[in-house]
Amino acid sequence: VSARSEVVEFLFFAGVMATLTHSESRRLYSWWWDSHISPKNSKWLQENLTDMDAKVKSMIKLIEEDADSFARRAEIYDHATAELRHAHRTIAKAFPDQVPFELVEDSPSKPLAQDKEPNTPEIKFPVRVLFATDDLLDDAHELSDSDPHSTITRVSCREDSEDGIKTRSLTKLHGKLGDKETAGQSSSSVDGRVREGLKKEKENEERFSDEVLQLSNENQNLKEMVLQEAERAGKAESEVESLSKALADVQTEKESVLLQYQQCLAKLSNIEGELNNAQKDSTRLNEEANRAEIEVQTLKEALVQLEAEKNAGLIKHKEYLEKICNLEAMLSQVQEDMNSLNVRAVEAESEAQTMKDDISRLELEKEQCFISTMSALAKFQFCRMRKEASALQYKCCLETISKLEKDISSAKEDVKRLNNDILIGSLT
Numbered sequence: 001v002s003a004r005s006e007v008v009e010f011l012f013f014a015g016v017m018a019t020l021t022h023s024e025s026r027r028l029y030s031w032w033w034d035s036h037i038s039p040k041n042s043k044w045l046q047e048n049l050t051d052m053d054a055k056v057k058s059m060i061k062l063i064e065e066d067a068d069s070f071a072r073r074a075e076i077y078d079h080a081t082a083e084l085r086h087a088h089r090t091i092a093k094a095f096p097d098q099v100p101f102e103l104v105e106d107s108p109s110k111p112l113a114q115d116k117e118p119n120t121p122e123i124k125f126p127v128r129v130l131f132a133t134d135d136l137l138d139d140a141h142e143l144s145d146s147d148p149h150s151t152i153t154r155v156s157c158r159e160d161s162e163d164g165i166k167t168r169s170l171t172k173l174h175g176k177l178g179d180k181e182t183a184g185q186s187s188s189s190v191d192g193r194v195r196e197g198l199k200k201e202k203e204n205e206e207r208f209s210d211e212v213l214q215l216s217n218e219n220q221n222l223k224e225m226v227l228q229e230a231e232r233a234g235k236a237e238s239e240v241e242s243l244s245k246a247l248a249d250v251q252t253e254k255e256s257v258l259l260q261y262q263q264c265l266a267k268l269s270n271i272e273g274e275l276n277n278a279q280k281d282s283t284r285l286n287e288e289a290n291r292a293e294i295e296v297q298t299l300k301e302a303l304v305q306l307e308a309e310k311n312a313g314l315i316k317h318k319e320y321l322e323k324i325c326n327l328e329a330m331l332s333q334v335q336e337d338m339n340s341l342n343v344r345a346v347e348a349e350s351e352a353q354t355m356k357d358d359i360s361r362l363e364l365e366k367e368q369c370f371i372s373t374m375s376a377l378a379k380f381q382f383c384r385m386r387k388e389a390s391a392l393q394y395k396c397c398l399e400t401i402s403k404l405e406k407d408i409s410s411a412k413e414d415v416k417r418l419n420n421d422i423l424i425g426s427l428t
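Sequential numbering of the sequence shown, starting at 1, is according to the UniProt record's numbering.
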């Protein structure tokens, strides 16, 4: 009985300490129980991070491809600029061959109606007489640096001035030829040479007009291409800046998510350790609960046996009480007989002595029965206390198990809710 009582007390105190330990553990790790941001499913978080990394890489690849296209556009722009400068040089070189010497000193911006003396001979000079090399370079730089619309205007004005120069030259030539014809009617050979020269001059004028028109169209197309490429380059630069900013933001967000992921992994490892410890404690408590149930069953059987013994003791006690009552009745009768029968006093005294001895013996038996009854009652109370202690310990074990199940269910609900929150956050 003492060994069983020690086992019951040990199990009771073990259950109480387990309950206190669980409460202390929950208080110490309240940051985990009350947390709303700690992920419980690392695989899901890993998939989200992998998806984000893939998106960042695709964005970087897109930016690199656009950068290649920007470089190609810049090359096209440089090539178009070089062709435009070459076209300007060609225009400048083409027309001075047909401009008379008297107009070499005239500026394109001056009025083109100024004429020199009619007796000045018409002499043709090389290409570089009308436009110097420095002027051509200045025109090329002005084309690449100034406003395209103003450049087009200057080129068109220069072309108009060159057409006017040619027209005035032809007019002067016809006038001089007319003066010569009216003056003396020179020989037919001179007239033929003059007509042949006029014909060649006209052919050259038409050929150069076609070339000027073609070069002007090419120049206009090149200018339009330059404008389009400049606009595209500006848009591309703005797109590159916006994509760079977006990439920096995504990189910052990625770093913060990685940091949060590492923190979540650390917390998750701690939580898994705590969960393993809790599972071990739960297994141990289940084993102790099973042992407690076995002990309770044993105590129940002992209690039934003690109750049977108690009933037997009560029956014997009743029998002893009945015997005492009978003996007391007999004693009273003997006393009456002694009062009535003085003759039989000696026998009565001896019989009374015998009766007293019997009474003493019965009283001793009564006291022993009483002591045994009290001992049985004490055993019964002790058994009942052990039963209550076992029932209390069993109840504590059940409460501990229910609390652990509730904690696990609440943890699962938190995992589901946090997974939903993280999923909603990633979608938004």
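Built from N, CA and C at the ideal position, the CB exists for glycine as well.
Quick check: the Cα distance between Tyr320 and Met374, rounded to an integer number of angstroms? By 1-based counting over the sequence shown, the position of residue 320 is 320. By 1-based counting over the sequence shown, the position of residue 374 is 374. Here the alpha carbon of Tyr320 sits roughly 16 Å from the alpha carbon of Met374.
Using DSSP with H/G/I as helix, E/B as strand and the rest coil, what is Ser343? For the purposes of this step, residue 343 is taken as the residue at position 343 of the sequence shown. The residue asked about is misnamed: residue 343 is Val in this sequence, not Ser. When DSSP states are grouped into helix, strand and coil, Val343 belongs to the coil group.
Between Ala87 and Glu218, which are expected to be in contact by the criterion C-beta below 8 Å, what is the C-beta distance as a whole number of angstroms? For the purposes of this step, residue 87 is taken as residue 87 along the sequence shown, with counting starting at 1. For the purposes of this step, residue 218 is taken as residue 218 along the sequence shown, with counting starting at 1. Indeed they touch by this definition, with Cβ atoms about 6 Å apart.
Does the beta-carbon of Gln279 have 16 or more other beta-carbons within 10 angstroms, so that it is buried, or is it exposed? By one-based count along the sequence shown, residue 279 stands at place 279. Exposed.
Look at the Cβ atom of Leu299, then the Cβ atom of Lys387, and state whether they are nearer than 7 Å. By 1-based counting over the sequence shown, the position of residue 299 is 299. By 1-based counting over the sequence shown, the position of residue 387 is 387. Their beta carbons are under 7 Å apart, which means Leu299 touches Lys387 by this criterion.
State the Cα-Cα distance for the pair Lys318 and Glu328, rounded to the nearest angstrom. Residue numbering aside, residue 318 sits at position 318 when the sequence shown is read from its first letter. Residue numbering aside, residue 328 sits at position 328 when the sequence shown is read from its first letter. Taking the Cα positions, Lys318 is about 15 Å away from Glu328.
Count the other CB atoms within 10 Å of the CB of Lys57; is the residue buried (16 or more) or exposed (fewer)? Residue mapping note: residue 57 aligns to position 57 of the sequence shown, counting from 1. Lys57 should be labelled exposed.
Taking the alpha-carbon of Leu215 as reference, which of Ser242, Thr90, Leu259, Glu75 has the nearest alpha-carbon? Residue numbering aside, residue 215 sits at position 215 when the sequence shown is read from its first letter. That would be Thr90, whose Cα lies nearest to the Cα of Leu215.
Let me know if Leu377 comes out buried or exposed under the rule of 16 or more other beta-carbons within 10 Å of its beta-carbon. In the sequence shown, residue 377 corresponds to position 377, counting from 1. It counts as exposed.
Roughly how many angstroms separate the alpha carbons of Gln368 and Ile401, rounded to a whole number? Translated into positions along the sequence shown, residue 368 becomes position 368. Translated into positions along the sequence shown, residue 401 becomes position 401. C-alpha of Gln368 to C-alpha of Ile401: approximately 48 Å in a straight line.
Leu213 and Glu83 look like a contact to me (Cβ under 8 Å); what is the Cβ gap, rounded to whole Å? Translated into the one-based positions of the sequence shown, residue 213 becomes position 213. Translated into the one-based positions of the sequence shown, residue 83 becomes position 83. At roughly 17 Å, the Cβ-Cβ gap does not stay under 8 Å, so Leu213 and Glu83 are not in contact.
C-alpha distance - Ser238 paired with Gly425, whole-angstrom precision: Taking the first residue of the sequence shown as 1, we reach residue 238 at position 238. Taking the first residue of the sequence shown as 1, we reach residue 425 at position 425. When rounded, the distance between both Cα atoms is 30 Å.
Just how far apart, CA to CA, sit Glu336 and Lys366? Sequence index remark: in the sequence shown, residue 336 carries index 336 (1-based). Sequence index remark: in the sequence shown, residue 366 carries index 366 (1-based). The C-alpha of Lys366 is placed about 26 Å away from the C-alpha of Glu336.
For Ser269 and Asp51, the rounded distance between their alpha carbons: By one-based count along the sequence shown, residue 51 stands at place 51. By one-based count along the sequence shown, residue 269 stands at place 269. Distance between the alpha carbons of Asp51 and Ser269: 23 Å.
So Thr81 packs on Val226, CB below 8 Å; how close in whole Å? Translated into the one-based positions of the sequence shown, residue 81 becomes position 81. Translated into the one-based positions of the sequence shown, residue 226 becomes position 226. The pair is a contact, with the Cβ atoms about 6 Å apart (cut-off 8 Å).
Is it right to say Ala266 is buried, meaning 16 or more other beta carbons lie within 10 angstroms of its own, or is it exposed? By 1-based counting over the sequence shown, the position of residue 266 is 266. Around the beta carbon of Ala266, a 10 Å sphere encloses fewer than 16 other beta carbons of the protein chains shown; the residue is thus reported as exposed.
Work out the CA separation of Ala233 and Glu413 for me, nearest whole Å. Position 413 of the sequence shown, counted from the first residue, corresponds to residue 413. Position 233 of the sequence shown, counted from the first residue, corresponds to residue 233. So the two alpha carbons sit approximately 55 Å from each other.
C-beta neighbour in chain C for Glu75, strict 7 Å: Looking at the structure shown, chain C is missing, and only one protein chain is on hand.
To the nearest angstrom, how far is it from the Cα of Lys55 to the Cα of Tyr261? Stepping through the sequence shown from its first residue, residue 55 is reached at position 55. Stepping through the sequence shown from its first residue, residue 261 is reached at position 261. Separation of Lys55 and Tyr261 (C-alpha to C-alpha, rounded to the nearest whole angstrom) is 18 Å.
Straight-line CA distance for Glu288 to Leu398? Counting from one through the sequence shown, the residue named residue 288 turns up at place 288. Counting from one through the sequence shown, the residue named residue 398 turns up at place 398. Cα to Cα, the separation comes out at about 11 Å.
Beta-carbon proximity check, Ala292 vs Gln381, cutoff 7 Å: Locating residue 292 in the sequence shown gives position 292, where the first residue counts as 1. Locating residue 381 in the sequence shown gives position 381, where the first residue counts as 1. Not in contact: Ala292 and Gln381 (Cβ atoms no closer than 7 Å).
Assuming Leu303 contacts Cys383 (C-beta within less than 8 Å), just tell me the rounded distance between them. Counting from 1 along the sequence shown, the entry for residue 303 is found at position 303. Counting from 1 along the sequence shown, the entry for residue 383 is found at position 383. Taking the Cβ atoms as the reference, Leu303 lies roughly 5 Å from Cys383, within the contact range of under 8 Å.
Does the beta-carbon distance from Ile324 to Leu364 come in below 7 Å? Within the sequence shown, the letter at position 324 stands for residue 324. Within the sequence shown, the letter at position 364 stands for residue 364. If you check the CB distance, Ile324 and Leu364 do not come in under 7 Å.
Enumerate in chain order the residues of its own chain whose CB-to-CB distance from Ser390 is below 7 Å, with the five nearest sequence positions on each side excluded. Stepping through the sequence shown from its first residue, residue 390 is reached at position 390. The answer, listed in chain order, is Val8, Ala292, Glu295, Val296, Leu299.
Since Ser282 and Leu404 are thought to touch, with beta carbons under 8 Å apart, how far apart are those beta carbons, to the nearest angstrom? Mapped onto the sequence shown, residue 282 falls at position 282. Mapped onto the sequence shown, residue 404 falls at position 404. At roughly 5 Å, the Cβ-Cβ gap stays under 8 Å, so Ser282 and Leu404 are in contact.
Contained alpha helix (DSSP H) runs [length at least 4] in the segment 254-306, N- to C-terminal order: DSSP runs (the alpha helix (DSSP H)) wholly in the segment 254-306: none.
Looking only at C-alpha atoms, which of Ala230, Gln333, Gly273, Glu309 sits nearest to Met355? Position 355 of the sequence shown holds residue 355. Here the closest residue by C-alpha is Gln333.
Is the separation between the beta-carbon of Lys379 and that of Leu306 shorter than 7 Å? The residue you call residue 379 lines up with position 379 of the sequence shown. The residue you call residue 306 lines up with position 306 of the sequence shown. A Cβ-Cβ contact shorter than 7 Å links Lys379 with Leu306.
Quick one: residues in its chain with C-beta nearer than 8 Å to the C-beta of Lys316, no 5 flanking neighbours on either side, listed in chain order? As a working mapping, residue 316 is identified with position 316 in the sequence shown. Closer than 8 Å at Cβ, skipping near neighbours: Cys369.
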